[in-house]
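Written below as structure tokens is the structure these notes are about.
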Amino acid sequence: MNERSLTSLSYGVMAIFAMILTVTGPLLPAMSRSFELSMAEAGLLFTVNFSGFVAFILVGGVLADRLGKKRVISASLIGLTISLLLLPVAPSFAAACAAMFLIGGFGGVIESQIGALIAALNPARTSYYLNLSQVFFGVGALVGPLGAGLLLAAGVDWRAVYLVLAGLTLALTAVFVPLRAPQLVSTDRITWQAFRALLSDGRFLLICLCMMLYTGAEVGSWGWMSTFLSQSLGFSVVASSAAVGVFWAAVTIGRFAVGQLTLRYSAAAIIVALALASVVAVLLAAVVSEGAMVWVVIAALGLAFSSQWPLIVAFGSERYPASSGTVFALLVGSGGLGTTIIPLAMGTIGESSGLRAAMASPALAFLAIAAIIGVLAYRERRAAVEAGAMA
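Numbering (the numbering used here), first residue to last: 497 to 887.
In structure tokens form, the structure reads like this:
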């Protein structure tokens, strides 16, 4: 019973985490007005949030190995609840940044460990249950921005939105923490020896670069989407928030569809195709201005972005099976690093060259991903052919 209950609650944790992660974009204009921020300064909220993500994730992994995943997730849920309560009462932008840092940090531990907990609780059907967890993430990512937009449109202050999220997190924490976890099969640990070996491997560093570029480009794209739609296209608060929800709905649908494609095509081939499709979708999103086409392009963005994150993780982990725990930590950490850089860079570009230029800039990241993965896959095929010829 505990396995089933913990798995179900873990899905709830994923949904809440997704809501917290994705409301920042729709709330950003209101937060900017409250603290009198420029566009570049507003981008710092993304940077400090994901700086916390990167800073906490490796520490969380080590503690989970020593204390257990359930305990670390429980402690992080408590920390996340407190952080969500601190943000609305922040007296200054610096204090708000500190709260966002903690939200990102505890959220990073939760995201990195909840999937591992679900896998450990369901070893016989790991792929099925992990894929289902991404569906709940998509639901949370859809509900969060849309709910935030509706509350803002009703005249609710952005601070109250975070108080609502804190209440939901507290309720989930109160149910999650008392449950006792069953004895789990031990998993591979994060080791410093594996860190050193991987960080001297050029191929692995290129895969980490792809993860950094993808995650930063994804967060930058949906994070600035509401601001772009409201300021450049005149969307209402509700419509611009709903657009982020449409994006995440398309991501969820795309993950289901790509799951079937993985049975026929390699991860590398799908990544390259999705990255090239993302280049086209990003450029279209930056230039489109007609109402109906905007919604079509936003859906296309979600479909193109959909499975690049899990497939890049799979592409890396399949090549380093002896150190999969360390590989996963480094890849997720690389993604967090990208989110501290690219959204901030987009804010700087938007301030100097306009929002359309900022929204078009992630196309360069996706073009680089397609090139890097394509070259790595080509080299592997050529090495396999040469090895076969020598045999």
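Cβ atoms here follow ideal geometry from the backbone N, Cα and C, with glycine treated the same way.
At the C-beta level, F633 and A514 come within 8 Å of one another. When the beta-carbon positions are compared, L833 and G539 stay at least 8 Å from each other. Taking the C-beta atoms as reference points, P522 is found nearer than 8 Å to V740.
Non-local C-beta neighbours of C704 in its own chain, meaning closer than 8 Å and more than five positions away in sequence, comprise G812, L826, L827, S830, ordered along the chain.
Around the beta carbon of P641, 16 or more other beta carbons sit within 10 angstroms, so the residue counts as buried. Around A853, the same chain offers I845 as residues with beta carbons nearer than 6 Å, after the five sequence neighbours per side are excluded. Distances from the alpha-carbon of V715 to those of A637, L872, L533, G643 put A637 closest. When DSSP states are grouped into helix, strand and coil, E882 belongs to the helix group. Here L628 has no same chain residue with a Cβ atom under 6 Å from its own Cβ, once five neighbours each way along the sequence are excluded. Minimum Cα-Cα distance from L554 among the listed residues A526, E532, E607 corresponds to E607. The criterion of a C-beta distance shorter than 8 Å is satisfied by A644 and S737.
Assignment of N545 by DSSP, reduced to helix, strand and coil, places it in the helix class.
The criterion of a C-beta distance shorter than 8 Å is satisfied by I865 and C706. When C-beta atoms of the region 542–552 are compared with those of the region 586–605, three or more pairs fall below 8 Å, so the two segments count as touching. Within 10 angstroms of the beta-carbon of Y874 lie fewer than 16 other beta-carbons, which makes it exposed.
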